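Notes to accompany the following structure.
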Amino acid sequence: MALTMVALCWKLSICFLFYQVVSGRARREGHYVAAVYEHESILSPAPAVLVERRAALELMGRNLDIYEQQVQAAARQGAQIIVFPEDGIHGFNFTRSSIYPYLDFIPHSHSGKWNPCREPYLYNDTEVVQRLSCMALQNKIFLVANLGSKQPCERWEPQCPPDGRFQFNTNVALGADGALLATYRKHNLYFESAFDTPAQPDHAFFDTPFAGRFGMFTCFDILFYEPAVSLIRQYNLKQIVYPTAWMNQLPLLSAVEFQQAFSTAFNVNILAANIHHPTLGMTGSGIYTPVKSFIYHNMESYGGKLIVAEIPVITADYKTNLESNERFRENLHDSCRTSTSTSLDDEVCFKEQEETPGRISEKRKGKEQSPPSFYAEMMYDNFTFVPLWGEKGELQVCANSLCCYLNYQKALLTDELYALGVFDGLHTVHGTYYVQACALVKCGGLSFSTCGQEVTDATALIDFQLWGNMSTPYIFPLLLTSGITLDFADHMGWKNNHYFLSKNRTSAGLLTAALYGRWYEKD
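In case it helps, mature numbering (1 follows the signal peptide of the UniProt record, and there is no 0) puts the sequence shown at residues -24 to -1, 1 to 499.
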């Protein structure tokens, strides 16, 4: 009898394990399954026209129908959390008055005491968040979505708009039981006249049983200290949810390119969901770890895309590249410290034989004529460039206090023009922020004037070492290859007061290799 029971238990265990595997629910210890959905939203044909609440709910309901299908699909694959994009439910291009029927009332509370699905009667105008809450509850999944919200105010209150209400671009995080865990009101608006900026930046986060604490911000926020950097640093966060409606801008700010760079710079996992409207340049979502990514970028076809991936939980005691950078610059230790793309747990020093960053050697100066420098516009900024001539070489280019250095060798000569560019100044188009950038880019053609143009395909495989005497510790390493695909540096970090990025043979033709520094104090 005892043997029979043991055999039965063994069989049941195997069956349960088999069920876990085929249902997608078997997870490795220290990992979790995340999902993001790039949504092609159904848009209002006339967003500037005021409609009734009923009509607004009907349009949003069509988008929510798609959300529900994707939540169910993600849950079937074992996802424990799903993130949807900015503007995915209501759309965009509204006026302040025309967006009003699309706004839910969302109590700005992080208490988790309200469950919209189970307590729909507590507040009026909460139909959208109620439905999101029920999706989370019915599928037992954490859910993050973006919607418009409203908050009444008295006209005598400071900053209360003349119409007597605040309107916010809002993220909501809902627990697997449907409870409202956290809200975040977007701080850095991007030409969004329908919405107000909160008086103070929100620091929004919520806790999960599978990966600890997640931070939350939206789209354009990722380029600024508040709230993105401040949130991560103050609460030592290692997991980020990031709804966005990002318009790609090559060569330095495509969605997947910068999302990965942010993940690498801060050693955080990022669950990034972008909207999908290729005609507007909007695509690029992913699940990112500092050393691996699961991405989607598609400018050719239409329709949404669900990404589901299992990733490791990054623990709070794992040091970020940024922390190492700051300690190095503050001379708090003498050992070299860099990160490598081989493992989340490894940090590797530069090889002793690697050249120290510095000026071009006098020997090479005597042998070769330096290529001419030239100016060209890139990302609406006036970059100073030098071209890459020949199969290999050493280059230097400077602007203001920033000098950039490059050692390179091409695997084979192609008829493509590459250039090393530098910019050290205040960016003032579509936002105002200070940038220090050293960028190796493929030019759009063979003339100098094409350097800085948007390019999506390349064939040249290049070994390179790129340095810059950056004045800020906030450096985002960009490495973009042909077809808008990502590659990872072999080594990066500080050495002799220069930030360093090296790669032996890119996996595909090189589009961009850059050190994108943000000097927040000079914004």
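Glycine residues also receive a C-beta, built at the ideal position from the N, C-alpha and C atoms. Owing to the predicted nature of the structure, the values given are computational and were not obtained by experimental measurement.
Whole-Å CB distance - residue i paired with residue j, under 8 Å assumed
{"i": "L416", "j": "A490", "result": "7 Å"}
{"i": "G413", "j": "L228", "result": "Going by the sequence as given, residue 413 is Ala instead of Gly. That pair is a contact at about 7 Å."}
{"i": "E62", "j": "T220", "result": "5 Å"}
{"i": "K479", "j": "D439", "result": "7 Å"}
{"i": "I198", "j": "V244", "result": "No, I198 and V244 are not in contact; Cβ-Cβ is about 11 Å, not under 8 Å."}
Beta-carbon contacts of residue i that lie in its chain and below 7 Å, excluding the five residues immediately before and after
{"i": "R107", "result": "L40"}
{"i": "G369", "result": "Y384"}
{"i": "A375", "result": "T360, V398, F399, D400"}
{"i": "H474", "result": "P333, W443, G444, N445"}
{"i": "V25", "result": "S74"}
{"i": "D499", "result": "T408, Y409, Y410"}
{"i": "M36", "result": "I65, H66, Y78, V104"}
{"i": "A49", "result": "L282"}
Beta-bridge pairing of residue i - partner residues as DSSP gives them
{"i": "T457", "result": "T461, L486"}
{"i": "L123", "result": "T146"}
{"i": "I246", "result": "I216, Y264"}
{"i": "D80", "result": "S125"}
{"i": "I251", "result": "H15"}
{"i": "G399", "result": "It should be pointed out that residue 399 corresponds to Phe in this sequence rather than to Gly. In DSSP, F399 forms a bridge with A413."}
{"i": "C379", "result": "C374"}
{"i": "V284", "result": "A11"}
{"i": "L442", "result": "L382, L477"}
{"i": "V362", "result": "L396"}
{"i": "T184", "result": "G188"}
{"i": "E130", "result": "Paired residues: none, contrary to the question."}
{"i": "G369", "result": "Y384"}
{"i": "I198", "result": "Answer by DSSP bridge pairing: none, since I198 is not bridged."}
{"i": "H467", "result": "S478"}
{"i": "D357", "result": "M354"}
{"i": "Y160", "result": "N147"}
{"i": "Q225", "result": "L229"}
{"i": "S269", "result": "Y264"}
{"i": "I451", "result": "G493"}
{"i": "I208", "result": "I208 is not bridged to any residue."}
{"i": "R141", "result": "P128"}
{"i": "K59", "result": "Reading off the sequence, residue 59 comes out as Val, not Lys. Paired residues: V12, V120."}
{"i": "M258", "result": "M223, H253"}
Closest residue to residue i among the options (Cα-Cα distance)
{"i": "N100", "options": "F81, S109, L113, E44", "result": "F81"}
{"i": "F144", "options": "E130, P138, Y160", "result": "Y160"}
{"i": "S377", "options": "L437, P128, Y356, N445", "result": "N445"}
{"i": "R141", "options": "Y166, D172, E168", "result": "D172"}
{"i": "H66", "options": "V267, A22, I271", "result": "A22"}
{"i": "W90", "options": "S349, A158, Q46", "result": "A158"}
{"i": "L442", "options": "S425, Q372, C419, L388", "result": "Q372"}
{"i": "K214", "options": "A292, D183, D178, W132", "result": "A292"}
{"i": "R494", "options": "R481, A175, F234", "result": "F234"}
{"i": "V357", "options": "Q56, E202, I216, L226", "result": "For clarity, residue 357 is Asp in the given sequence; the question names Val instead. Here the closest residue by C-alpha is L226."}
{"i": "L364", "options": "M354, M355, Y381", "result": "Y381"}
{"i": "residue 575", "options": "P92, E5, E16", "result": "The first residue shown for the chain is -24 and the last is 499, placing residue 575 beyond what the model contains."}
{"i": "R94", "options": "Q236, A187, C110", "result": "C110"}
{"i": "S169", "options": "S73, T482, R481", "result": "S73"}
{"i": "Y211", "options": "A237, F182, Y218, I198", "result": "F182"}
{"i": "T146", "options": "M192, A465, N472", "result": "M192"}
{"i": "I246", "options": "D178, G6, A11", "result": "A11"}
{"i": "V217", "options": "S206, A180, F186", "result": "A180"}
{"i": "I18", "options": "P348, I287, Y278", "result": "Y278"}
{"i": "M354", "options": "M275, D463, T488", "result": "T488"}
{"i": "I290", "options": "V284, K268, H273", "result": "K268"}
{"i": "residue 500", "options": "Y492, E497, A121", "result": "A question about residue 500 goes unanswered here, because the residues of the chain that appear run from -24 up to 499."}
{"i": "N274", "options": "Y8, E44, T461", "result": "T461"}
{"i": "Q56", "options": "P83, K126, A285", "result": "A285"}
Contacts around residue i, its chain only, beta-carbon distance under 6 Å, and the 5 residues preceding and following it disregarded
{"i": "D321", "result": "Note on D321: pLDDT 33, under 50, position unreliable in the model; the coordinate value appears next. Cβ within range, chain order: n/a, list empty."}
{"i": "A231", "result": "W222, N224, N250, G260"}
{"i": "E34", "result": "none"}
{"i": "R422", "result": "The sequence given here has Leu at residue 422, not Arg. L393."}
{"i": "S319", "result": "Note that S319 has pLDDT 35, beneath the 50 cutoff, so the model's placement of it is unreliable and no number is given."}
{"i": "F196", "result": "N164, Y166"}
{"i": "I459", "result": "Here residue 459 turns out to be Gly, not Ile, going by the sequence shown. Result list for G459: empty, nothing under 6 Å."}
{"i": "Q429", "result": "G420"}
{"i": "L402", "result": "Y410"}
Close Cβ partners of residue i (< 8 Å) along its chain, the five nearest in sequence each way excluded
{"i": "L256", "result": "M223"}
{"i": "R131", "result": "P138, G140"}
{"i": "G280", "result": "Y13, E14, H15, E16, I42, Q46, H252"}
{"i": "C136", "result": "C129, E130, F142"}
{"i": "P134", "result": "A175"}
{"i": "T390", "result": "T435, A436"}
Within-8 Å CB hit, residue i to chain D
{"i": "G459", "result": "In the structure shown, chain D does not exist; there is a single protein chain."}
Does the stretch 116 to 124 come into contact with the stretch 143 to 159, if we say contact requires no fewer than three beta-carbon pairs (one atom in each stretch) closer than 8 Å?
In this structure the stretch 116 to 124 touches the stretch 143 to 159; the number of beta carbon pairs closer than 8 Å is three or more.
Is there contact between the stretch 449 to 456 and the stretch 403 to 410, where contact requires at least three CB pairs shorter than 8 Å?
no
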